[in-house]
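Engineer: Structure incoming, see below.
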Amino acid sequence: MIRYRLGWLILFLLITLVLGLSSIGCVKMTEVANQPTPEGSLMLSRPVPRDEWHDVSIISLDFDPALKSGSLSQTTITRSSLLAAVENKGTQTERNLTVEVRVSGEANGDTLLTRSQTIDLLAAGEVKVVRFGSFEDIPPRADYFVQVRVLPVSAEVDLTNNQKTLHIRVGY
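Heads up, the sequence shown stops at 172 in the working numbering, and the numbers go up one at a time, no gaps.
Below, the structure written as structure tokens:
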């Protein structure tokens, strides 16, 4: 019993240490819970056979070069490229997918930049990474909200996975 409690205590201390270290430095990045898209959260107006599913998703966001706590400045953030991984979770090949990025200084406003890219073809089960160039055009802010979304395809069955939002806090 003591060994069991000691194991949990060590795990707790390790998690606390990792979380504590991740907030040290000049930048803190957290994923914001997905908000339902304006079109709704789930579109299943009729039963859809599994072999006819249409579902595209933003599965991951990252930066190149990677944003590392403790070694960033405002210049590093604006020169980084945003990478968005888009997956076709459906059973049909999708064409001409539009992926949009919006960078704002506040959660609900202060739009600083918008860009879009097109994925010509995305086969069922395939993942493609879309690269958005550097963000040198954005003015300095203490907080950035980076929202990336893939526009829904016709007859899409799940809209809850079409976007991700990152909150980036920069220390000066």
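C-beta atoms are modelled at their ideal positions from N, C-alpha and C, and glycine is treated no differently.
So L113 is in the beta strand (DSSP E); what residue range does that whole segment cover?
Structural biologist: The count along the sequence shown starts at 1 and reaches residue 113 at position 113. G109 to L122 is the span of the beta strand (DSSP E), which, as asked, contains L113.
Engineer: Just to confirm before moving on: does the CB-CB distance between T93 and A123 stay below 9 angstroms?
Structural biologist: Numbered from 1 along the sequence shown, position 93 holds the residue referred to as residue 93. Numbered from 1 along the sequence shown, position 123 holds the residue referred to as residue 123. A contact, by the Cβ cut-off of 9 angstroms.
Engineer: Pairing CB atoms from the region 108-120 with CB atoms from the region 57-64, are three or more of them under 8 angstroms?
Structural biologist: Because the criterion of three Cβ pairs below 8 angstroms is not met, the region 108-120 and the region 57-64 do not touch.
Engineer: How many Å lie between P180 and E87 at the Cα?
Structural biologist: Not covered by the structure: residue 180. The range shown for the chain is 1 to 172.
Engineer: Considering Cα atoms alone, identify which of N96, E52, D55 and V101 is closest to S134.
Structural biologist: For the purposes of this step, residue 134 is identified with residue 134 of the sequence shown, where counting begins at 1. That would be V101, whose Cα lies nearest to the Cα of S134.
Engineer: Could you check where the beta strand (DSSP E) with I138 kicks off and where it finishes?
Structural biologist: Working through the sequence shown from its first residue, we reach residue 138 at position 138. It is not in any beta strand (DSSP E) - I138 carries neither H nor E in the DSSP assignment.
Engineer: Counting along the chain, where does the beta strand (DSSP E) carrying T98 start and finish?
Structural biologist: For the purposes of this step, residue 98 is taken as the residue at position 98 of the sequence shown. Unbroken beta strand (DSSP E) run through T98: E94 to E106.
Engineer: Which one of L82, H167, F145 and N162 has the shortest CA to CA distance from A66?
Structural biologist: Taking the first residue of the sequence shown as 1, we reach residue 66 at position 66. When only C-alpha atoms are compared, the closest one is L82.
Engineer: Return yes when the Cβ of R149 is within less than 9 angstroms of the Cβ of V103, no when it is not.
Structural biologist: Indexing the sequence shown from 1 puts residue 103 at position 103. Indexing the sequence shown from 1 puts residue 149 at position 149. Contact: no.
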